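Novice: The opening residue of the sequence shown carries number 293 in our numbering; numbering runs sequentially from there. The structure under discussion is supplied below as structure tokens; questions concerning it will follow.
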Amino acid sequence: MTTTDRILPGIVLMLGFCTIAPLIDVASKLAAQAVPVGTVTLGRYVAQALLMLPIVVLLRHPFRMTRRAAAITFARAAVSITATYSFVAAVQVMPIADALAIAFVEPFVILFIGRFFLGEEVGPRRLGASVVGFIGALFVIQPSFITFGAVALYPLGTAVSFALYILLTRALSRHMHPVPMQLHTAWAAIVLLAPVLTLGGTFEIGQLRFEAPEGIFWLWCFCVGLASTISHMSMSYALKFAPSSTLAPLHYFEMLTATLFGYLVFGDFPNALTWVGVAIITGSGLYVIHRERVTARALRAPRPDAPSAPEPASAR
């Protein structure tokens with residue numbers, strides 16, 4: 293496929309990520325009711341490694357990595373751990389939609405890095421759609437530091453960490469297929485996180501410790517890994533097809549699905565302002581898709597002022 297043809301599949305895959313990703317938060321919130329946040333975070337990567345290992349073997353992907361790919365993998369695992377731990381710690385006490393609304397400064401971090409550090413083109417229409425989407429997110433849930441105190445800072449850590457995670461994913465996709473990428477990131481995260489939790493347990497550092505789940509909480513911890521594996525596979529493929537600055541505004545669609553799951557699972561009934569925000573978020577996402585289709589058609593269409601190809605010598 294040409295670069296233009298690859299953008300639309302990237303958009304579709306990113307929307308798939310936004311649909312499945314809130315299930316990570318739902319399972320995390322259920323698990324964190326009785327399991328330390330560090331254990332929930334570790335459980336995500338253990339489940340992801342167990343799920344991805346047979347897939348990598350069956351598809352016969354190579355296990356070896358170059359030094360550069362290994363370095364990016366460990367960096368990706370580190371920011372993934374930070375993003376996951378921060379958000380699980382937040383939703384342990386906060387409604388999912390509240391935490392997600394605070395974390396939605398992340399697309400602006402991506403656009404800023406993409407524009408000023410990676411040289412990606414960020415047009416005024418996509419930037420405008422991002423601003424409109426953020427306004428819609430504020431309609432859904434207005435973050436309150438007064439209500440939640442210092443815990444409201446955790447989603448900000450998630451925002452910055454996840455922005456770096458997305459950009460590292462795009463960099464790693466040039467060196468590695470998305471399938472082994474998920475496996476390698478999982479075991480790298482386990483390697484990084486295991487000693488931290490061991491020290492946390494030794495010195496009794498709050499939620500930063502390992503404690504074996506019991507009963508149904510085993511299932512919730514596994515579901516965190518399952519939803520993470522599926523959603524991040526979708527995002528990895530999306531970033532392989534389309535630039536991060538194109539996909540960033542679509543991330544607002546996650547507010548719609550997070551609101552829906554929050555209502556179905558925890559009974560958080562959306563008020564009128566929430567539905568206004570959902571409409572704005574959805575509309576801005578659909579507008580971005582429309583603009584990408586228009587741009588793709590324009591690039592594929594022949595230019596009227598383009599010089600015609602010379603006739604072959606045999607026809608002259």
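For each residue, glycine too, the CB sits at the ideal point set by N, CA and C. Computed from a predicted structure; not experimentally measured.
(1) Please report the distance separating the alpha-carbon of residue 543 from that of residue 307.
(2) Output yes or no for whether 8 Å exceeds the beta carbon distance between residue 449 and residue 378.
(3) State the DSSP-derived secondary structure class of residue 398, mapped to helix, strand or coil.
(4) Distance check for residue 554 and residue 461, CA to CA, integer angstroms please.
(5) Are the Cβ atoms of residue 375 and residue 516 separated by less than 8 Å?
(6) Tell me which same chain residues have a C-beta within less than 6 Å of the C-beta of residue 512, skipping the five on either side of it?
(7) Report yes if the C-beta distance between residue 299 and residue 495 is below 8 Å; otherwise report no.
(8) Are the beta-carbon atoms belonging to residue 363 and residue 481 less than 8 Å from one another?
(9) Are the CB atoms of residue 341 and residue 479 within a distance shorter than 8 Å?
(10) Leaving out five residues before and five after residue 317 in sequence, what residues of the same chain have Cβ atoms less than 6 Å from its Cβ?
(11) Is DSSP giving residue 263 helix, strand or coil here?
(12) Quick one: any contact between the region 442-459 and the region 401-419, if contact means 3 or more CB pairs under 8 Å?
(13) Given a threshold of 16 other Cβ atoms within 10 Å of its Cβ, counted over all protein chains shown, does residue 413 qualify as buried or as exposed?
(14) Terminal residues of the continuous alpha helix (DSSP H) containing residue 458?
(15) On the criterion of 16 or more Cβ atoms from any shown chain inside 10 Å, does residue 522 qualify as buried, or is it exposed?
(16) In angstroms with no decimal places, state the Cα-to-Cα distance between residue 506 and residue 328.
(17) Can you name, in chain order, every residue of its own chain whose Cβ lies under 6 Å from the Cβ of residue 331, other than the five neighbours on each side?
(18) Beta-carbon within less than 7 Å of residue 333's beta-carbon, same chain only, minus the 5 sequence neighbours each way: which residues are those?
(19) So, for residue 309: in the same chain, excluding its five sequence neighbours on each side, which residues have a beta-carbon less than 6 Å away from its beta-carbon?
(20) Taking residue 500 as the reference, give the member of 490, 575, 456 with the closest Cα.
(21) Smallest Cα separation from residue 351: which of 445, 359, 472?
(22) Per DSSP, what kind of secondary structure is residue 500 in: helix, strand or coil?
(23) Going straight from the alpha carbon of residue 431 to that of residue 421, what length do you get?
(24) Give me the Cα-Cα distance between residue 578 and residue 488, rounded to the nearest whole angstrom.
(25) Taking the alpha helix (DSSP H) that residue 340 falls in, what are its first and last residues?
(26) Please tell me whether residue 632 and residue 345 are closer than 8 Å, where the distance is taken between their beta carbons.
(27) When burial is assigned at 16 or more other CB atoms within 10 Å of the CB, is residue 608 buried or exposed?
Specialist: With the structure as the only source:
(1) Rounded to whole angstroms, residue 543 to residue 307 spans 7 Å at the Cα level.
(2) With respect to residue 378, residue 449 sits close: the two C-beta atoms are nearer than 8 Å.
(3) In this structure, DSSP gives residue 398 a helical state, which the three-state scheme calls helix.
(4) 28 Å
(5) no
(6) 319, 322, 323
(7) no
(8) No, they are not a contact pair.
(9) yes
(10) So the qualifying residues of the chain are 383, 388.
(11) Any question about residue 263 goes unanswered here, given that the chain covers just 293 to 608.
(12) yes
(13) That one is exposed.
(14) 446-464
(15) buried
(16) Just so you know, the alpha carbons of residue 506 and residue 328 end up roughly 12 Å apart.
(17) 502, 503
(18) 373, 376, 377, 380, 485
(19) The residues 523, 526, 527, in chain order, have a CB closer than 6 Å to that of residue 309 in the same chain once the five nearest residues on each side in sequence are set aside.
(20) 490
(21) If we check each option's Cα against that of residue 351, 472 comes out closest.
(22) In this structure, DSSP gives residue 500 a state outside helix and strand, which the three-state scheme calls coil.
(23) 15 Å
(24) 42 Å
(25) Residue range 329-350 is occupied by the alpha helix (DSSP H) that includes residue 340.
(26) With the chain running from 293 to 608 in the structure shown, residue 632 is simply not present.
(27) Summary for residue 608: the model assigns pLDDT 36, below 50, so the residue's position carries little reliability; its value from the coordinates is reported in the next sentence. It is exposed - the Cβ of residue 608 has fewer than 16 other Cβ atoms within 10 Å.
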